[in-house]
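Notes follow the structure.
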Amino acid sequence: MAELRIYNSLTRQKEIFTPLVPGHVGMYVCGPTVSGESHLGHARPYITFDVVYRYLQTLGYQVRYVRNITDAGHFEEEGRDATDKIAEKAKLEQLEPMELVHKYTRLFHWAMDQFNTLPPSVEPTATGHIVEQIGMIEQLIAAGYAYEMNGSVYFDVKKYASDHDYGKLSGRVIDELLTTTRELEGQEEKKDRTDFALWKAAAPEHIMRWQSPWGVGYPGWHIECSAMATKYLGKQFDIHGGGMDLLFPHHESEIAQSTICNHQAPVRYWMHNNMITINGRKMGKSYNNVIRLTELFSGTHPLLEKAYHPMTVRFFILQTHYSSTLDFSNEALQAAEKGLKRLWEAYQKLRKIDCVQKGAAEKGTDDTLSATVHRLLDELPAFMNDDFSTAKVLANLFELTPIVNAIHDGITAPGSLSASTLQRMQQDVEHWLETVLGLQGMEESGHDKLEQVMQLLIDIRKEARGRKDFVTSDKIRDRLSSVGIQIKDEKGGEMTWRID
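Per the numbering used here, residue 7 is the first one in the sequence shown, and the count goes up by one each step.
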């Protein structure tokens, strides 16, 4: 197999990838918290690691790709009043928690289908692995690295840091954490404010709750991933991926928990994709610039000038190395749209070329052109083996575009390249564009995707009207109208739409 080099966030350098078991790769990627719709920022890790998954398979590895669904236990604060995101959102939407989870899980899967991401090998849910989480917490308590307090269980960070390198992934220093961690109401029940929750005692009104040795409660976010990764990939596995925003505290906490329970470092190679900014600004509710994927595909967010095809978004993301910040703007998306169209048109022309008719039986007459084509194709695996440099792969494919157009249009004389060189171009370009990068033509499924997007928006609007949220209902109608799509309310609560 080719020598693949991966930038390891843990060692802060590129390393030759050597799997624990020859020919096999275990990869875990932190999945979505299904308390709401996925947004543009969520698209990047799942597209990034879809390409990693695809490429590892093309290298001949048998890959077990695990991507979880966080359907309980994700809370931002560690105080007494910490609340589960899903339980809170379920109250707001007047749904049962599992009804909310299924709604947004389906929506997430739909969005991933639009991006042409391959499904993971295993997609475990947090609520389906409560027993495993409780088991790990019991191990941590028995080892002296966790303690129970008022029905909640916390990981003892200071204890761990006294005999382990806490902060080795994120570069955080324990003394720094002590001075920068905020004091929150309820923190007093912890030994130290840097400690994090493994299990939270549930108040009587808390809907999502399970019985445990410490009373009724629900799991912490960090222990969920440790438990699921261990169950499906073992005590140590090859690659753990996710967004850079998860590096601390989530991934740092995973390392600490799993190291104690499994008596070894859990992961060989840590990979983190960088963030997406919007017009140079970090995405955030306060800036009103969080663009949900349904809004992106339908053009219904105020910051959007138009709707963008999922393949445009995928192409846009892959044009930049995963470790670099990626700035979103209408100009950048529209440039990506034009670029993908130009590339795909050349690819379609390439597929139509009759290699026997256009190519020489043996050696072509243009040695310089032949050398250029082979160089551009030869460099593709070298780029991907250098930490998955999709941007460089696309740059080479773009360099092939005028060559393909000239051959197809008869500008380049027949016989300039050999038939075997033309066949190699056809095979290699198809392999890299479709199999590795997962790109598709926008025209191939555009109408079907519009139908699906509109049905989705109609369903969301129906739900909003059902709970008398007329602000959201009217906003969807008005934004669609502004881009030339009219929704009409029919008898019996049905809705129809048309393009003006």
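We put the CB at the ideal spot given by N, CA and C, even for glycine.
Computed from a predicted structure; not experimentally measured.
Residue i, enclosing alpha helix (DSSP H) - first and last residue
| i | result |
| --- | --- |
| Ile491 | Segment 491 to 495 is the beta strand (DSSP E) holding Ile491; no alpha helix (DSSP H) there. |
| Ser264 | 258 to 268 |
| Leu356 | 336 to 358 |
| Ile53 | 46 to 64 |
| Met390 | 373 to 391 |
| Ile75 | Ile75 -> no alpha helix (DSSP H), and no H or E assigned at all. |
| Gln433 | 425 to 436 |
| Arg11 | Per DSSP, Arg11 belongs to no alpha helix (DSSP H); it is in the beta strand (DSSP E), 11 to 14. |
| Gln363 | 361 to 364 |
| Tyr238 | 227 to 239 |
| Val477 | 476 to 488 |
| Lys369 | No alpha helix (DSSP H) holds Lys369; DSSP gives it neither H nor E. |
| Ile92 | 91 to 99 |
Beta-carbon proximity list for residue i, same chain, < 8 Å, skipping 5 on both sides
| i | result |
| --- | --- |
| Met250 | His278, Asn279, Asn280, Met281 |
| Leu26 | Gly32, Gln242, Phe243, Asp244, Arg274 |
| Pro272 | Ser232, Ala235, Thr236, Lys241, Gln242, Phe243, His246, Glu260, Ile261, Ser264, Thr265 |
| Phe202 | Glu84, Tyr160, Phe161, Val163, Gly226, His228, Pro255, Ser259 |
| Thr502 | Ile493, Lys494, Glu496 |
| Gly286 | Asp333 |
| Glu368 | Ser424 |
| His518 | Past the boundaries of the shown model lies residue 518; the chain is included only from 7 to 506, so the question cannot be answered. |
| Leu106 | Val40, Ser41, Ile92, Lys95, Ala96, Glu99 |
The beta strand (DSSP E) enclosing residue i, as first and last residue numbers
| i | result |
| --- | --- |
| Leu204 | 202 to 207 |
| Met277 | 273 to 279 |
| Ala412 | Not the beta strand (DSSP E): Ala412 falls in the alpha helix (DSSP H), residues 396 to 414. |
| Met142 | From DSSP, Met142 is part of no beta strand (DSSP E) but of the alpha helix (DSSP H) over 136 to 148. |
| Leu299 | It is not in any beta strand (DSSP E) - Leu299 instead sits in the alpha helix (DSSP H) that spans 299 to 304. |
| Asp244 | 243 to 249 |
| Met448 | Per DSSP, Met448 belongs to no beta strand (DSSP E) and is neither H nor E. |
| His30 | 30 to 35 |
| Ala313 | First-last for Ala313: undefined, no H or E at that position. |
| Lys196 | Where Lys196 is concerned, there is no enclosing beta strand (DSSP E), given that its DSSP letter is neither H nor E. |
| Ala152 | 152 to 155 |
| Thr111 | No beta strand (DSSP E) contains Thr111, which is instead part of the alpha helix (DSSP H) from 103 to 120. |
| Glu21 | 19 to 22 |
| Thr283 | 282 to 284 |
| Ser158 | 158 to 161 |
Sequence-distant residues of its chain with Cβ nearer than 6 Å to residue i (five each side left out)
| i | result |
| --- | --- |
| Thr54 | Asn279, Tyr328 |
| Arg504 | Gln492 |
| Val459 | Phe303, Ser304 |
| Thr478 | Ala470 |
| Ser289 | First, the residue type needs correcting, since residue 289 is Met and not Ser in the sequence shown. Only Gly47, Asn295, Val296 meet the Cβ criterion. |
| Pro130 | Asn74, Met234 |
| Leu16 | Leu175, Trp276 |
| His253 | Here the sequence assigns Leu to residue 253, which means His is not the residue at that position. Same-chain partners within the cutoff: Ser176, His278. |
| Glu311 | Asn336 |
| Pro316 | Gln120, Phe121 |
| Ala342 | Thr318, Phe321, Phe322 |
Own chain partners of residue i with C-beta closer than 7 Å, once the 5 adjacent residues on each side are dropped
| i | result |
| --- | --- |
| Leu339 | Tyr314, Thr318, Phe322 |
| Ser451 | Here the model assigns Ser451 a pLDDT of 49, short of 50, so the residue's position is not dependable, and the following value carries that caveat. Excluding residues within five positions, none has a Cβ falling inside 7 Å. |
| Ala68 | In the sequence under discussion, the amino acid at residue 68 is Gln, which differs from the Ala named in the question. Contacts found: Gly29, His30. |
| Thr371 | Gly421, Ser422 |
| Thr111 | Val40, Ile75 |
| Gly248 | Val35, Cys36, Pro51, His257, His278 |
Cβ separation of residue i and residue j, assumed to be a contact under 8 Å, to the nearest whole Å
| i | j | result |
| --- | --- | --- |
| Leu62 | Leu146 | Between Leu146 and Leu62 the Cβ distance is about 32 Å, and since that is not below 8 Å, they are no contact. |
| Leu239 | Val72 | 6 Å |
| Glu230 | Ala132 | 4 Å |
| Lys396 | Leu356 | Per the sequence shown, the amino acid found at residue 396 is Thr instead of Lys. About 20 Å separates the two Cβ atoms, so there is no contact after all. |
| Arg537 | Asp392 | This structure gives no information on residue 537, because the portion of the chain shown stretches from 7 to 506. |
| Leu462 | Trp116 | 7 Å |
| Asp434 | Leu383 | 5 Å |
| Glu43 | Arg298 | 4 Å |
| Ile143 | Ala152 | 6 Å |
| Trp352 | Thr407 | First, the amino acid is wrong: residue 352 is Ala here, not Trp. Confirmed, about 4 Å. |
| Asn156 | Glu195 | 6 Å |
| Gly447 | Trp350 | 5 Å |
| Tyr224 | Ala208 | 6 Å |
| Arg324 | Lys364 | Here residue 324 turns out to be Leu, not Arg, going by the sequence shown. Actually they are not in contact, since the Cβ atoms of Leu324 and Lys364 sit about 30 Å apart, beyond 8 Å. |
| Met431 | Val379 | 6 Å |
| Arg178 | Val128 | Rounded, the Cβ-Cβ distance is 31 Å, inconsistent with contact. |
The ligand NAP heavy atom lying under 8 Å from the CB of residue i
| i | result |
| --- | --- |
| Lys164 | The model on display carries no ligand, and the ligand NAP is accordingly not part of it. |
>> With a threshold of 8 Å, are at least 3 pairs of Cβ atoms found where one atom belongs to the stretch 414 to 422 and the other to the stretch 394 to 406?
In response: The stretch 414 to 422 vs the stretch 394 to 406: no contact.
>> Under 8 Å: do the stretch 43 to 59 and the stretch 109 to 129 share three or more Cβ pairs, one atom per stretch?
In response: Yes, the stretch 43 to 59 touches the stretch 109 to 129.
>> Assess contact between the stretch 33 to 47 and the stretch 67 to 77, defined as three or more Cβ pairs (one per stretch) separated by less than 8 Å. Is contact present?
In response: Taking a contact to require three or more Cβ pairs closer than 8 Å, the stretch 33 to 47 and the stretch 67 to 77 qualify as touching.
>> Would the stretch 210 to 224 count as touching the stretch 12 to 26 if we require 3 or more Cβ pairs under 8 Å?
In response: They do not touch, by the three-pair rule.
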